[in-house]
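Chains as they are written, first to last, in our numbering: chain A, 57 to 201; chain B, 549 to 826.
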């Protein structure tokens, strides 16, 4: 119940962001936000009743994909409603909560040597750069662009 | 819930104010000569939030910060749901780029290990290097390391270090990196979008945000391809980590450490290093 409420509250915050940042009138965002919340909750519930452990986000993205795919009833409405919600309007609350949780990691951070910071940055760079490079190479080979 | 007595509404309210304020400020682009850096609401929100939670100010209690971390997980679900909904209408398009999507996953592994491990050894990390460089070290990766080596092992220390650095400045760093790589003109926005799905929600959000600002005309494609790459990553990522990247990193550590590893006070550590590889 707590989680349902939290999801809805985050939805309201995203709705506000979608209004201020992307000029979508709140009433137009309501159906999309509700659909996102419902699919998310279905995904969470589904993961809970599964007999084995699996990541929630797999099921949420799979259900969202199915609900908006051409072979699902009502897909045009669902896709259009969710389309009104700007992706970045959903990302801003994430990073706001992330910011509010940073304080607890600062004392741990102070115990680390500078070395781990260097390694972290190299790791972040490596994963982004090489994945981009590999995708680019394959696309070039396939002649896509 | 373990965090009873925490007033989560206070957190939600702060976030509401932060979102309203930062969305009102909006996106700004700064040209720094070597590229364009995109500053946008989510980054202001991250920094302002970090400021509010700064321990010295005592504005937030440790419990509240932990609650914020658990709400963070839930807010990420809505973002994931939106990404999935972006893919649905264009499933056929996804099929046609299947090969690239699989290969970028290989790139994620190669990138962290091939770039990270040598540098880690060179500056003097020992077995910490294994945990630090086998993956991007988000929650599932930490769990894998702790399960295999124990919470007090050097490997777990390395993984935890990267995890904390990722939490503290991963998102900001990724958005700068995405800005620089994006404005370098070396890569197609779609390749960059796939690369941005690094396996961390906040880092991915920040990186794709930057890309969308730099390539506004490709914003839809960016969301689509990063969403697809992220989906594949979340389905096979954990297994790849357990069966491919961790064993690979351990093997490379064994052969590289004697060559580029520094002799240091940790010397005795590496004598037993790799024994745990089973």
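Note that CB positions come from ideal geometry on N, CA and C, so glycine has one too.
- For the set 657(B), 794(B), 773(B), the Cα lying nearest the Cα of residue 646(B) is the one of 773(B).
- Between the beta-carbon of residue 92(A) and that of residue 630(B) there is about 6 Å, and that keeps the pair under the 8 Å contact cut.
- Under DSSP, residue 585(B) takes part in a beta bridge, and its partners are 578(B).
- Distance from residue 758(B) to residue 727(B) at the Cβ level is roughly 5 Å; contact confirmed, criterion being Cβ atoms closer than 8 Å.
- Listed in chain order, the positions of the stretch 170-195 of chain A with a beta carbon within less than 7 Å of a beta carbon of chain B are 171, 172, 173, 174, 175, 176, 177, 178, 179, 180, 181, 182, 183, 184, 185, 186, 187, 188, 189, 190, 191, 192, 194, 195.
- The beta-carbon distance between residue 568(B) and residue 76(A), rounded to whole angstroms, is 6 Å. This is short enough to meet the 8 Å contact definition.
- The way I'd put it, the stretch 155-170 of chain A does touch the stretch 596-614 of chain B; three or more beta-carbon pairs between them come closer than 8 Å.
- Collapsing the DSSP output to three states places residue 57(A) in coil.
- Where residue 614(B) is concerned, the enclosing alpha helix (DSSP H) starts and stops at 610-635.
- Residue 711(B) and residue 688(B) have their alpha carbons spaced roughly 11 Å apart.
- The continuous alpha helix (DSSP H) containing residue 96(A) extends over residues 82-105.
- DSSP, reduced to helix, strand and coil, places residue 125(A) outside both helices and strands of the structure shown, so it counts as coil.
- Taken through DSSP and simplified to helix, strand or coil, residue 607(B) comes out as coil.
- Per DSSP, residue 682(B) is not a residue of any alpha helix (DSSP H), being assigned neither H nor E.
- Chain B has no Cβ within less than 7 Å of the Cβ of residue 103(A).
- When DSSP states are grouped into helix, strand and coil, residue 734(B) belongs to the coil group.
- Setting aside the 5 residues that flank it on each side, residue 128(A) is surrounded in the same chain by 122, each with a C-beta closer than 6 Å to its C-beta; the list follows chain order.
- For the stretch 760-810 of chain B, the full-length alpha helix (DSSP H) segments reaching 4 residues or more read 767-788, 794-808 along the chain.
- Proximity of residue 761(B) to chain A, defined by a Cβ-Cβ separation below 7 Å, is not satisfied.
- With fewer than 16 other CB atoms across the displayed protein chains lying within 10 angstroms of its CB, residue 61(A) is exposed.
- Only exposed fits residue 582(B), as fewer than 16 other CB atoms lie within 10 angstroms of its CB.
- Taking 7 Å as the threshold, the shortest C-beta distance from residue 602(B) to chain A falls below it.
- The straight-line gap separating the alpha-carbon atoms of residue 736(B) and residue 194(A) is approximately 12 Å.
- Taking the Cα positions, residue 768(B) is about 13 Å away from residue 742(B).
- For residue 648(B), the residues of chain A that pass the 7 Å Cβ criterion are 191, 194, 195, in the order they occur in the chain.
- Between residue 715(B) and residue 683(B), the CB-CB gap reaches or exceeds 7 Å.
- 588, 589, 590, 591, 593, 594, 595: these are the residues of the stretch 576-595 of chain B whose beta carbon lies less than 8 Å from some beta carbon of chain A, given in chain order.
- Just so you know, the alpha carbons of residue 800(B) and residue 184(A) end up roughly 21 Å apart.
- The beta carbons of residue 73(A) and residue 191(A) sit no closer together than 7 Å.
- When the alpha-carbon of residue 755(B) is set against those of 587(B), 788(B), 565(B), the nearest one is in 587(B).
- Closer than 7 Å to the CB of residue 720(B) there is not a single CB belonging to chain A.
- Distance from the CA atom of residue 57(A) to the CA atom of residue 648(B), rounded to whole angstroms, is 41 Å.
- With 16 or more other CB atoms across the displayed protein chains lying within 10 angstroms of its CB, residue 652(B) is buried.
- Taking a contact to require three or more Cβ pairs closer than 8 Å, the stretch 608-628 of chain B and the stretch 555-562 of chain B qualify as touching.
- Assignment of residue 174(A) by DSSP, reduced to helix, strand and coil, places it in the helix class.
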